[in-house]
Amino acid sequence: MSQTSNSNNTKQTKNTEQMMKSAQSPKTTAHPPKNTHQSRHNAKKEFFATLEKVLFCDDFATKKSLFNSLYDDFLSENLYFAHDSTPQTRLNLFTPAPIVAPSKLTRAKGTSPLDATARTLHSIAHIEFCAITLALDSAYRFRHLPAVYYADWLAVAREEMEHFSLLADVLAEIGYKYGDFSAHAGLYDAMARTASSLAHRMGVVHRGLEARGLDANPFVLAKLKNITSNATSKIGAPIFGKQIFGKQIFSKIEEVFGVILRDEISHVNKGDRWWRFAIEDVGCNALSANATRAMPKVDSDSTPLANDCDATLHVTSNATLASADSKALNFAEEQFLALCADFDEFILAGKILNTKARLQAGFSTNELQLLENFYKTRKQKISKKHKI
């Protein structure tokens, strides 16, 4: 049983199932019930205004408490959506860790086993801390989207909080805390670069950088195993505290990394689905690559547009559908490679791809080969420039 299990899981699952039944495809915009004025009278809070308080809260304990309250209200449908409200243009770039340029970071290699373990765990904790902000910002910044979109990114934010808490607990066991080491602002840079485009946010951050985390997971875990096992065999003493030996702490780390990998696959899958939604040009779901909204502007008091969208659908043959799926797949692959090129400052794939995890998250075998070729060619071009 993972440490992330709690009483909210059952409630989340039931409510998510109900929400998915009412929004089988991303067509139904989040709106209050037809009796809008009565629902607003009964609803205690507006979704985006409440989420804004969570997003811009810097104290983690307070942030988590505010989020849990918001999430309970969301699952209970005790919120209304003011889609025409204007989001803050500023971003929350807070982190307790001192921010430095990547070249200024002290690497774990060459330090003591304890310090190397702490630094490596701290770097992952930093990623999870930033990922909380990214998920919340994605739910907050983009309006006029289906209800299930907000359900997805609130669920992601909740799991990122759990990941961060798990890593913070392991750090505490070996005598460290988040903020003890410096970190870089790569994820926040990506958040800033994609703040005005749903397609860019979903593609670069949630389908790109998060998938890169899938690639890194097994290699970072192997690195930590090597550090902790070597520490025990060479020293033969409890270097991680009075009661914790290298093998014991690695067992906990391995469990945490397993939870993170499992959840991150679903996060990337959500990013994949909403990225595809954002680049589609079909019926009511039309969206240009540079647009913020994924649907036409709708008055927040209006009823859902699902029926209008469905009216445009026609029965087609299986052959036609297969052809359309093939074209859509090729288009998506081309668009993602273009995104990799346009956002060249962010590497959207690891040196060695985690094929199994990426396939589960929504990538195709063909696309993985294209990605490998793209970054292989990129590396060769950079190498040639350095030789000149």
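Count along the sequence shown from 1, add 15, and you get the number used in our numbering.
The C-beta atom is built at its ideal place from N, Cα and C for all residues, glycine as well.
In this text the structure is predicted, and so the values were computed from the model without any measurement.
Measure how close the beta-carbons of residue i and residue j come, nearest whole angstrom, since I'm counting them as under 8 Å.
| i | j | result |
| --- | --- | --- |
| Asp287 | Ala376 | 6 Å |
| Ala347 | Ile294 | 7 Å |
| Tyr95 | Glu61 | 6 Å |
| His215 | Arg158 | That belief does not hold up - the Cβ atoms of His215 and Arg158 are roughly 16 Å apart, past 8 Å. |
| Leu363 | Gly223 | 3 Å |
| Arg227 | Gly365 | 5 Å |
| Val271 | Leu181 | 5 Å |
| Leu276 | Leu229 | 7 Å |
Residues in the same chain with beta-carbon distance under 6 Å from residue i, minus the five sequence neighbours each way, listed in chain order, please.
| i | result |
| --- | --- |
| Arg107 | One detail in the question is off: residue 107 reads as Asn in this sequence, not Arg. Closer than 6 Å at the Cβ level, and outside the excluded window around Asn107, lie Leu70, Phe71 and Thr148. |
| His221 | Gly286 |
| Arg134 | Ala123 and Phe196 |
Mapping DSSP to helix, strand and coil, what is residue i?
| i | result |
| --- | --- |
| Tyr193 | coil |
| Ala170 | helix |
| Lys60 | strand |
| Ile294 | helix |
| Ala97 | coil |
| Cys72 | coil |
| Ile367 | coil |
| Ala198 | strand |
| Ser398 | helix |
| Pro233 | helix |
| Pro161 | strand |
| Ile114 | strand |
| Thr65 | helix |
| Gly273 | helix |
| Leu239 | helix |
| Ser80 | helix |
Here's a check: name, in chain order, each residue in its chain whose Cβ is nearer than 7 Å to the Cβ of residue i, leaving out the five neighbours to either side.
| i | result |
| --- | --- |
| Leu120 | Ser197 and His199 |
| Ile444 | Look at the range of the chain in this structure, 16 to 403, and you will see that residue 444 is not part of it. |
| Gln395 | none |
| Val171 | Ala150, His282 and Lys285 |
| Leu169 | Tyr86, Phe89 and Ala154 |
Do you know whose CA, among the options, lies nearest residue i's CA?
| i | options | result |
| --- | --- | --- |
| Phe179 | Gly273, Lys400 and His141 | His141 |
| Pro117 | Thr392, Ala154, Phe361 and Phe389 | Phe361 |
| Pro233 | Gly273, Met217 and Gly261 | Gly273 |
| Glu349 | Thr65, Asn381 and Ala170 | Asn381 |
| Ala76 | Gly218, Leu236, Ala210 and Ala183 | Ala183 |
| Gln384 | Pro102, Thr370, Lys394 and Leu169 | Thr370 |
| Arg208 | Leu354, Asp99, Phe389 and Asp278 | Leu354 |
| Leu151 | Pro161, Leu181, Lys79 and Ile264 | Lys79 |
| Gly82 | Glu175, Leu239, Arg122 and Ala162 | Residue identity differs from the one stated: residue 82 is Phe in this sequence, not Gly. For Phe82, the nearest C-alpha among the options comes from Glu175. |
| Ser244 | Leu229, Glu225, Ala231 and Ile268 | Ile268 |
| Ser379 | Ala146, Phe351, Arg105 and Pro102 | Phe351 |
| Glu67 | Ala154, Ala210, Tyr203 and Asn345 | Ala154 |
| Gly261 | Leu239, Glu270, Arg277 and Ile280 | Leu239 |
| Ser266 | Glu279, Asn388 and Leu236 | Leu236 |
Excluding the five sequence neighbours on either side, which residues of its own chain have a C-beta within less than 8 Å of the C-beta of residue i, listed in chain order?
| i | result |
| --- | --- |
| His137 | Ala112, Leu186, Tyr191, Tyr193, Asp195, Phe196 and Ala198 |
>> So, does the segment 129–139 touch the segment 185–194, judging by three or more C-beta pairs under 8 Å?
In response: yes
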